[in-house]
Amino acid sequence: MIKFQCEFCFQEYNVRDDRAGQTLKCKSCGQKMRVPSGDDDLQDDLYEEEEEVYQRSSRPVRKQKSSSGSKKKQTSKSSNSPVAIVVGICAFGLAFFVSYFLVRSLVGGGKPEQVVQQEPQEVVPEEAQPASAPAAAPAETQEKTNAPPEQTPDSKPQAKQKPAPVNATPNPPSQPQQQWTSLVDPPLITADWPESSRLKIDLKNAEEELVVPSSSSPVVAVHYKNRNLHHFEIWNLATEKKIGELTFTPPREWLTLSPKFKLSVDGKYLLAQILERDTNIPKLICWDTTSGKIISEMDIDAPRTVISLYEICGDQWAFVQLIRNEDNKFKTILKRWDLKTGKLDKEVEIKSTEFASHSYAISPGGHFLVTNATNKIFFYDLQTLKLLSLRELDGSYLDPRAKYYSLSTVNFSTDGKELGLLLTQSGQTEVWIINLKDGQPERKFQVAGNLSEQFREPSYSGNNLELTPSGKSFLLYGALLVDRQTQRSVWLFQPPPNVIIRRPLYLTPHYLFAGTDSALKDAQGRLKRNRKPQLVTVPLPEKQITDSLAAYQSQSDVILGAGTKVSIDINVGAIKFGKADEVKEVLQEVLQERLEADGLEVAADQPLVFQMEYQEQAGNKLQMSKRTRPSAGNPLGRTPTGETLQSTAAAFKLSWIDKPSKRTLWSKQVLVNPRFLILRNATEQAAREQMFEGLQNRLMGELIPYFIPKEKGLSRLPGETPLPE
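Per the numbering used here, the very first residue in the sequence shown carries number 454; after that it's consecutive.
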């Protein structure tokens, strides 16, 4: 057996010896990992090449050409002599002999430190501590092999190997219903939203995020906190009225560090989890927001039980996912309570691998829960707490041409008839919609490139996929509005300047709610005083989108539209570790592919020019860390080495320019400055190459206008709306 760890989340695995050198998928974090073998040093280059081809099969990574290519060709011409052949055979025999004993030393109980030294080095920003490194990404899709699941993680075929046969049958112990039953679940409350609103809610001294129900609802709670005093105001955003109020101070026997409050869909109940200071018993406390009194207290489980998740579901129910330790064995339990009486209704043991507390959604009626783990989606009945069905996100359920999918987000539509999936596969971003009546999926959006790269800074704290209440579009990453009928990105909501984290947007059919004064510092980095944040409305440009889409589809007289001939002009400035002409060639190829994907025709000497100005400069100075065994004090298993690495940043400007009039029709400036890198060889050149490869993928998904009208009443697509400061 070979023992090794995932280099991203450090989950340990034991696999058979014949898996040496294979690329697998981690069950915990979904990242790719390679089983160590004796010839790792000899095959590093080949492994990295195959990995890149697999990740971006839709558009292979373009690396800069080597200046020593001609010398290699000359050497190869003179390598066919008998003497060279004999020398080659001897060298091969010697390499085989060394590799054989090296493999034996690793497989037969070699020192773990030798394997750790072969792992890629990780680098993080110098100012950040190891514990503040980004969390592992959501689990990616895995393709199953014939190996027993208890011995090895599911494996993904390498780029140049034939895929292993996929077994789409769920694990027998679960035995969920494979015959789809309708999971349509209408909302408990149907809001009558007005066409416009001028509602403003004062958010001064309030927590940065509102307390919202887990299912579709027009009610929110504003949480004001002053030391130990908690004050809540419950609002119905559709009627623009305050419907409840609650104030309390936690008693001394409650141990509450940073409680997460839960709100029912009608706004009547507020729920929180606390820990009794003397007994260490976890409890649920439920308040009636109309009277401000506690109506029930529920002992969750034995002392020191780990509470993974708790939510309000339906009109008067709450459920909890917990991890219980019985005789040194951990069990995952679901429980359900009646909020009014505080009585336990049901308790069911489930498999921990079939419920992910970090990625889930509850249907608008509160009857069903969907969660994704190891790239399978599990459907639970919250009334019986039983698993109803599971679907594997592979080619047999979605696109049979896809190699594997990585699921990012799941979310229900407000009418409870659809489930949205935000996925990536082979470097593409896709949105699939599942009809909850018959379980049939349909792809509703697809774009080359990983869109999450566009909206990573500043990051978004809300749901990355939201189906709009009107049913006409969906919102991605709290910024990009996509029209469902045309499957086109139509609008962009720009965050205010100097914002570190973008707060959630709250969608209605005709407008959205956004918070103002969300930046804590000004442009000079000074802390802003006398902030007066408010919750205000931002109209959705429905008419502009409808009229502009109609003009784009009619192919009327426009400046830029489908089939327009354009030229590409690239100006390259300072470059680190490369040549300007090679960089220009790569960028030319990427941009041509990107524009042609939008229906444009690239040709020379056209009056409409797409211009890119590109240069490289010194980026963040990153602190290097090495991987060690995770511990309680160092859960990520990263120990700083004291060394630093200078990264490379790329600054570029994209523009549409009318050449005859020398008029700039649109422009955008971007700075790509990596804050976290994982490198096999931690050198400045390797850091620059990884940045440049990521830049190419970003350009494939960059939001570039594909429609610029001549008529003043129309808007370019995608249009932009700056969110209020």
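Using N, Cα and C, we set each Cβ at its ideal position, and we do this for glycine too.
| query | Looking at the structure shown, is Ile642 part of a helix, part of a strand, or coil, going by DSSP? | reply | In the three-state reduction of the DSSP assignment, Ile642 falls in the coil class.
| task | For the stretch 786-853, list the beta strand (DSSP E) runs that are entirely contained and at least 3 residues long, ordered along the chain. | result | Counting whole runs of 3 or more residues, the stretch 786-853 contains the beta strand (DSSP E) stretches 797-803, 813-815, 821-826, 829-834 and 839-845.
**Prompt:** So Leu928 and Thr939 are in contact, right, with Cβ under 8 angstroms, and what is the actual spacing, rounded?
**Reply:** Between Leu928 and Thr939 a beta carbon distance of about 16 angstroms is seen, past the 8 angstroms cut, so the two are scored as non-contacting.
Inset, instruction - Identify, in the order they occur along the chain, each residue of the same chain with its Cβ nearer than 6 angstroms to the Cβ of Lys1112, setting aside the five sequence neighbours on each side. - result: For Lys1112, where only same-chain residues beyond five positions count, the Cβ hits under 6 angstroms are Pro1060 and Val1062.
Discussion item. Taking 7 angstroms as the limit between beta carbons, can you name the residues of its chain near Leu797, skipping five residues before and five after?
Written reply: Lys788 and Trp790
- request: Could you tell me which uninterrupted beta strand (DSSP E) segments, each at least 3 residues in length, are contained entirely in the stretch 710-755, listed from first to last along the chain?
  value: 722-729, 735-741 and 746-752
Legend entry - Leu775 versus Val672, Thr743 and Ser805, residue with shortest Cα-Cα distance: The option with the nearest alpha carbon to Leu775 is Ser805.
* What residues in its chain sit with their C-beta under 7 angstroms from that of Ser749, if we drop five residues either side in the sequence? -> Cys739, Leu792, Lys793, Thr794 and Gly795
| Pair within 8 angstroms by beta-carbon distance, Pro817 and Phe772 | no
Between which two residues does the beta strand (DSSP E) containing Val1039 stretch?
Looking at the DSSP string, Val1039 is not in any beta strand (DSSP E); the run it does join, the alpha helix (DSSP H), is Ala1033 to Ala1050.
Worksheet item: In or out: Gln1138 buried (at least 16 other Cβ within 10 Å) or exposed?
Response: exposed
Could you pull the DSSP bridge partners for Gln1059 from this structure?
Paired residue(s): none; Gln1059 is not in a bridge.
* Asked: Cβ of Leu889 within 8 angstroms of Cβ of Leu636?
  -> yes
Report all residues from its chain with a CB closer than 6 angstroms to the CB of Val1025; omit the five preceding and five following residues, and keep chain order.
Ala1033, Val1036, Lys1037 and Tyr1067
**the stretch 666-677 touching the stretch 937-953, judged by at least three CB pairs closer than 8 angstroms** = No, because fewer than three Cβ pairs between the stretch 666-677 and the stretch 937-953 fall closer than 8 angstroms, the two stretches do not touch.
Report task. Check Asn1073 in the structure and name its three-state DSSP category. Result -> strand
Is it buried or exposed for Asn1160, if we count other Cβ within 10 angstroms and need 16 for buried? Per the sequence shown, the amino acid found at residue 1160 is Phe instead of Asn. That one is buried.
Kindly give me the distance between the Cβ atoms of Thr862 and Leu875, rounded to whole angstroms, as I take these residues to be in contact under 8 angstroms.
Taking 8 angstroms as the upper bound for CB-CB distance, Thr862 and Leu875 are in contact here, some 4 angstroms apart.
Next item on the list: Spell out the partners DSSP gives Ala967 in its beta bridges.
Entry: Val989
Quiz prompt | Within 8 angstroms, strictly: CB atoms of Thr1097 and Leu1075 | solution = yes
* Asked: Which of helix, strand or coil does DSSP assign to Gly767?
  -> coil
Classify Lys897: buried if its beta carbon has 16 or more other beta carbons within 10 angstroms, exposed otherwise. buried
Inset, instruction - Using three-state DSSP, classify Lys996 as helix, strand or coil. - result: DSSP places Lys996 in helix when its eight states are reduced to three.
Please classify Ser879 as buried or exposed, where buried requires at least 16 neighbouring CB atoms within 10 angstroms. In summary, Ser879 is buried, with 16 or more beta-carbon neighbours lying within 10 Å of its beta-carbon over all protein chains present.
**Message:** Give me, in chain order, the residues of the same chain whose beta-carbon lies closer than 8 angstroms to that of Ala976; leave out the 5 immediate sequence neighbours on both sides.
**Reply:** For Ala976, same chain residues with a beta-carbon under 8 angstroms away, outside a window of 5 residues either side, are Pro950 and Asn951 in chain order.
Paired residues, beta bridge with Glu883 - DSSP = Note: Glu883 is bridge-paired with Leu876 and Gln899 in the DSSP secondary-structure output.
task: Go to Gly1154, then tell me how far its alpha helix (DSSP H) extends in each direction, as first and last residue.
output: Glu1137 to Gly1154
query = Does the Cβ-Cβ distance between Ser429 and Ser1168 come in under 8 angstroms?
reply = The question about residue 429 has no answer, for the chain in this structure spans 454 to 1178.
Nonlocal neighbours in the same chain, by C-beta distance under 6 angstroms from Leu708, ignoring five residues either side: Leu728 and Arg730
Practice task
Could you tell me which of Ile1023, Leu988 and Lys1018 sits nearest to Ala1057, measuring between CA atoms?
Solution key: Lys1018
Option in Ser1100, Pro704, Glu1178 and His820 with minimal Cα separation from Asp768:
His820
For Met751, which residues from the same chain have a beta carbon less than 7 angstroms from its beta carbon, with the 5 sequence-adjacent residues on both sides left out?
Lys736, Leu737, Trp790 and Gly795
Quiz prompt | Where Leu1002 sits in the DSSP three-state scheme | solution = Residue state, collapsed to three classes: helix.
Practice prompt. Would you mind reading off the limits of the beta strand (DSSP E) that contains Ser942?
Written response: Arg941 to Gln947
Quick test of your reading: Gln833 and Leu840, contact by CB under 8 angstroms. State the CB separation rounded to the nearest angstrom. With the sequence shown as reference, residue 833 is identified as Tyr, and Gln is not the correct amino acid for it. That belief holds up - the Cβ atoms of Tyr833 and Leu840 are roughly 6 angstroms apart, short of 8 angstroms.
Identify, in the order they occur along the chain, each residue of the same chain with its Cβ nearer than 7 angstroms to the Cβ of Ala691, setting aside the five sequence neighbours on each side.
Only Ala644, Asp645, Trp646 and Pro671 meet the Cβ criterion.
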